[in-house]
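Chemist: This is the structure, below, for whatever I ask next.
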């Protein structure tokens, strides 16, 4: 079908253009570049949505069967979350990192096979749908927390050479709250990801938990973000320590999403 490749190229090009223009706005303080970047980000999201819709039309199912399809959904979730947030509050610099993440996901999956085949038997379960949809919400929220944490670390830096750039960023308390609120959204969905995955595993393989690499790293992801909230509420962590923990959490997310798939054999090897 011609629509999906065209829509994918639109998403790829628009996300890349948005990254460049958001970076120009951040480095040179050009509001016109930020407006054009936002328009390109919306165009990219439209292309991303069209690619997903075309895949659904061809396969007759949700695009949840392999890493290429997951990546389409993940990039869509990151960009949708960012653009909806920007409708409510403008956070200088956030667009650079979120559109970069969306673009990198699209760039990664552009190198993967795109064949739209039938689902393997283990994937023919409604629980798979619940499992992957909760993963998309959780990972997209964690991506926003990562972007906010990186901005916080940059804003709280001490290098005099970057003082001019730091002055363009929002107040550090705004960034700290962004990281916190994104984790508060993401962690319950990460919990649902694990629960629905366990139920699906019982139906597919006869066991709720088998310490499969994806299962193990999903649990590690949950523990890192639970530790973030624990440190914030119990230990009073704010600022740089909390931001570093949020960054570490997203590194674990990306290893779970990509690294486990390519480096570790298991029941999730198809993804």
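Residue numbers (full-length UniProt numbering): 1 to 271.
Cβ coordinates follow ideal geometry from the N, Cα and C atoms, glycine included.
Predicted, not measured: the structure shown is a model, and the values here were computed from it.
1) Considering only the beta carbon of each residue, do residue 146 and residue 246 sit closer than 8 Å?
2) Could I get the ranges of all uninterrupted alpha helix (DSSP H) runs contained in the region 208–255, with 4 residues as the minimum, in chain order?
3) For residue 249, tell me which candidate among 221, 233, 260, 257 has the shortest Cα-Cα distance.
4) Please state whether DSSP places residue 29 in a helix, a strand or coil.
5) Under the rule that 16 or more other beta-carbon atoms within 10 Å means buried, what is residue 27, buried or exposed?
6) With a Cβ-Cβ cutoff of 8 Å, do residue 169 and residue 92 count as a contact?
7) Assuming residue 106 is part of the alpha helix (DSSP H), what are its boundary residues?
8) Among the residues of its own chain, which have a CB less than 6 Å from the CB of residue 171, if the five just before and after it don't count?
9) Which of the three DSSP states, helix, strand or coil, is assigned to residue 270?
10) What residue range is occupied by the uninterrupted alpha helix (DSSP H) comprising residue 69?
11) On the CB-based measure, 16 or more other CB atoms within 10 Å of its CB, does residue 270 come out buried or exposed?
12) Report the option in 58, 94, 7 whose CA atom is closest to the CA atom of residue 150.
13) Going by C-alpha to C-alpha distance, which of 177, 49, 244, 208 sits closest to residue 157?
14) Return the CA-CA distance between residue 20 and residue 195, expressed in angstroms with no decimal places.
15) Alpha carbon to alpha carbon, how far is residue 167 from residue 42?
16) Measure how close the beta-carbons of residue 55 and residue 153 come, nearest whole angstrom, since I'm counting them as under 8 Å.
17) Quick one: Cα of residue 24 to Cα of residue 7, how far?
18) Compare the beta carbon distance of residue 73 and residue 136 with 8 Å and say whether it is the shorter of the two.
19) Look up residue 91 in the DSSP assignment and say whether it is helix, strand or coil.
20) Check whether the region 99–114 touches the region 176–185, taking contact to mean three or more Cβ pairs, one atom from each stretch, closer than 8 Å.
Modeler: Checking against the coordinates, here is how it stands:
1) Residue 246 is positioned such that its CB atom lies closer than 8 Å to that of residue 146.
2) The qualifying runs are 213–233, 239–254.
3) Of the candidates 221, 233, 260, 257, the one whose C-alpha sits nearest the C-alpha of residue 249 is 221.
4) Here residue 29 sits in coil by DSSP.
5) By the C-beta density criterion, residue 27 is exposed, having fewer than 16 other C-beta atoms within 10 angstroms.
6) Their beta carbons are under 8 Å apart, which means residue 169 touches residue 92 by this criterion.
7) Residues 94–109.
8) No residues qualify anywhere along the chain.
9) The predicted position of residue 270 is uncertain, since its pLDDT is 49 and thus under 50; a value taken from the coordinates is nonetheless stated next. In this structure, residue 270 counts as coil in the three-state DSSP scheme.
10) That run of the alpha helix (DSSP H) goes 67–88.
11) Residue confidence is low: residue 270 scores 49 on pLDDT, short of 50, so the model does not pin down where it sits. Its coordinate-derived value is still stated next. It counts as exposed.
12) Nearest option by C-alpha distance: 94.
13) Selected option, being the one with the closest Cα: 244.
14) For residue 20 and residue 195, the distance between alpha carbons rounds to 39 Å.
15) Approximately 27 Å between the Cα atoms of the pair.
16) Not quite, the Cβ-Cβ distance comes to about 37 Å (not below 8 Å), so this is no contact.
17) One C-alpha to the other measures close to 26 Å.
18) Yes, they are a contact pair.
19) Coil at residue 91, not helix or strand.
20) Because the criterion of three Cβ pairs below 8 Å is not met, the region 99–114 and the region 176–185 do not touch.
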